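In this note's numbering, the protein residues as written are 493 to 827.
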């Protein structure tokens with residue numbers, strides 16, 4: 493069994509440089525020579541040492557990922573499927589960077605440097621969670637997902653948020669709803685601010701009543717939706733429809749409405765946001781704003797790959813379109 497590329501070069505009767513080109517899939521090697529080297533590699537059961545190669549090239553072929561919420565939430569797990577697909581195309585490994593110590597001495601940049609990653613993905617955070625300004629000035633290629641940070645070597649990708657919510661408001665208006673409630677996630681998150689702005693603008697453009705009592709700010713969880721709907725039920729003139737900033741929020745709304753004896757959609761129309769798999773299987777099936785999870789993940793990796801290999805490339809600001817999926821949870825306003 494060959495121990496290194498010197499052994500492979502000797503067995504194949506070629507130079508070390510030629511073996512390196514074959515291993516790294518570089519050009520300027522004849523098909524016949526490439527096939528011979530590849531056959532020797534197979535015969536010798538040689539496994540290239542990517543770590544050693546990375547030290548020589550200054551590249552680790554590893555992308556670090558900071559994700560604060562873990563992969564239990566359906567949104568993040570679906571985006572990671574897209575990440576994995578693109579990783580196979582680019583040849584990178586993904587290293588999940590966990591922040592065990594978030595004290596005042598913690599440095600996200602030092603964490604990245606200590607792991608020798610070529611680039612970084614950051615998502616699931618709010619703007620104040622970490623010292624992201626340090627990251628922006630570090631020169632480490634970075635893609636933020638659902639956070640609009642930009643820097644010399646940092647860009648972002650997110651779904652269309654403002655127009656998506658405006659589309660949902662217009663759809664409910666077409667169904668003759670005027671008392672449209674809105675349940676948001678964190679207002680200090682990028683998507684929370686964007687989606688709230690979409691709601692505010694749509695209500696203004698359609699000249700619909702803007703009632704602070706119809707607005708709830710919490711997080712993106714089912715529990716947040718349940719609690720918000722409980723409060724709406726206390727109103728003497730409650731909403732006839734609810735737009736939720738996540739499908740998980742919508743699940744909580746459906747549960748609270750069912751407990752109160754309300755029929756969805758006969759008494760209350762509900763729209764979610766995300767398009768997670770379980771939204772198809774609620775009772776009734778949930779009308780939702782479908783995010784393109786795979787594109788978010790794939791494009792994040794491809795953009796990061798381009799930034800790593802093209803240092804002068806302007807960092808991207810990518811907005812991925814969404815789609816309103818109409819199912820059974822909305823109907824013409826009963827009032």
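Idealized CB from N, CA, C, for every residue including glycine.
In this text, all values refer to a predicted model and were calculated from it rather than measured experimentally.
Judged by beta-carbon spacing, residue 714 lies beyond the 8 angstroms limit of residue 748, meaning their Cβ atoms are not closer than that value.
The DSSP assignment places 714-724 as complete runs of the alpha helix (DSSP H) inside the stretch 706-749, in order along the chain (cut-off: 4 residues).
Taken atom to atom, the span from the alpha-carbon of residue 497 to that of residue 600 is near 36 angstroms. Taking all protein chains shown into account, residue 607 has fewer than 16 neighbouring C-beta atoms within 10 Å of its C-beta and is therefore exposed. In the DSSP assignment, residue 653 falls outside any alpha helix (DSSP H), carrying neither H nor E. Contact between the stretch 506-526 and the stretch 565-581 is absent, with fewer than three C-beta pairs closer than 8 angstroms.
Here DSSP, grouped into helix, strand and coil, assigns residue 631 to coil. Listed in chain order, the non-local C-beta contacts of residue 514 below 7 angstroms within the same chain comprise 521, 526, 529 and 530, local neighbours out to five positions each way being set aside. When rounded, the separation of the alpha-carbon atoms in residue 771 and residue 745 is 13 angstroms. Short of 6 angstroms from the beta carbon of residue 622, and not among the five residues preceding or following it, lie these beta carbons of its own chain, in chain order: 600. Look at residue 600 here: in three-state DSSP terms it is helix. By DSSP's assignment, residue 782 forms a beta bridge with 766 and 815. Nearest C-alpha to residue 632 among 611, 648 and 760: 611. Rounded to whole angstroms, the Cβ separation of residue 586 and residue 614 is 13 angstroms, and the two are not in contact under 8 angstroms. When DSSP states are grouped into helix, strand and coil, residue 639 belongs to the coil group.
Taking the C-beta atoms as reference points, residue 674 is found no nearer than 8 angstroms to residue 635. DSSP places residue 585 in the strand class (E or B) of the three-state scheme.
In the same chain as residue 691, and ignoring 5 residues on each side of it, the C-beta atoms closer than 7 angstroms to its own belong to 657, 661, 674 and 735, in chain order. Following the DSSP letters along the chain, one finds residue 611 inside the beta strand (DSSP E) bounded by residues 611-615. In chain order, 501 place their CB closer than 8 angstroms to the CB of residue 507, counting only its own chain and leaving out the 5 sequence neighbours on each side. Contact check for residue 678 against residue 711 passes: the beta carbons are separated by less than 8 angstroms. Taking each of 782, 796 and 759 in turn and checking the Cα distance to residue 768, the smallest one comes out for 782. Boundaries for residue 504: no beta strand (DSSP E) harbours it, while the alpha helix (DSSP H) harbouring it runs 497-504, taken from the DSSP string. For residue 804, the three-state secondary structure derived from DSSP is coil.
Scanning the stretch 681-706 from its first residue to its last, the whole alpha helix (DSSP H) runs of 4-plus residues come out as 682-697.
Taken through DSSP and simplified to helix, strand or coil, residue 792 comes out as helix. The C-alpha of residue 535 is placed about 46 angstroms away from the C-alpha of residue 810.
When the five nearest sequence neighbours on each side are left out, the beta carbons in the same chain lying within less than 7 angstroms of the beta carbon of residue 618 are those of 678, 680 and 681, in order along the chain. Annotated as proximal: residue 824 and residue 667, with beta-carbon spacing under 8 angstroms. The straight-line gap separating the alpha-carbon atoms of residue 752 and residue 819 is approximately 22 angstroms. Taking all protein chains in view, the Cβ of residue 813 is surrounded by fewer than 16 other Cβ atoms within 10 Å, so the residue is classified as exposed.
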